[in-house]
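Below: one structure, written as structure tokens.
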Amino acid sequence: MRDHARLVIIGAGIAGCSAAYHLAQLGWRDLVVLDQGPLFHTGGSTSHAPGGLSLISSSRLLTEFAQYSLPLYARLEVDVRPGANLIGG
1176 MRDHARLVII
1186 GAGIAGCSAA
1196 YHLAQLGWRD
1206 LVVLDQGPLF
1216 HTGGSTSHAP
1226 GGLSLISSSR
1236 LLTEFAQYSL
1246 PLYARLEVDV
1256 RPGANLIGG
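Just so you know, we're using the numbering used here here: the sequence shown kicks off at 1176 and counts up by one.
The following block contains the structure:
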């Protein structure tokens, strides 16, 4: 493991991984994501989330977030192969 980085992200849940992904897309290269591990068994909130995404919400912010997220998941499916199953119409 590296002993230094310009940026250290604590937690490899959805927020930590999203931050790392988006920073890497912006050109950050000297960053590390740390998690207590093992992944998917740490008891964090991401491991308990159902992973649903609704494009229609009474909240404008959640609707905009979903509209941003859906194409992002399609790109991630190609880039990092997370195993998303898109269902619905």
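Built from N, CA and C at the ideal position, the CB exists for glycine as well. Keep in mind it's a predicted model, so treat the numbers as computed, not measured.
What residues match up with residue i in a beta bridge as DSSP calls it?
i, result
"V1253", "Note: V1253 sits in no beta bridge, so no partner."
"L1182", "L1206"
Quick one: give me the first and last residue of the alpha helix (DSSP H) that residue i is part of.
i, result
"I1231", "Where I1231 is concerned, there is no enclosing alpha helix (DSSP H), given that its DSSP letter is neither H nor E."
"L1160", "An answer regarding residue 1160 cannot be provided, because it is not within the stretch 1176 to 1264 covered by the chain."
Just to confirm, does residue i get its C-beta within under 8 Å of one of the non-hydrogen atoms of the ligand NAP?
i, result
"R1250", "In terms of ligand content, the structure shown is empty, and the ligand NAP therefore cannot be addressed."
Grab me the residues of residue i's own chain with a C-beta within less than 6 Å of its C-beta, minus the 5 sequence neighbours each way, in chain order.
i, result
"L1230", "A1241"
"I1185", "L1209"
When we look at the beta-carbon of residue i and count the other beta-carbons within 10 Å, is it buried (16 or more) or exposed?
i, result
"A1199", "exposed"
"A1187", "buried"
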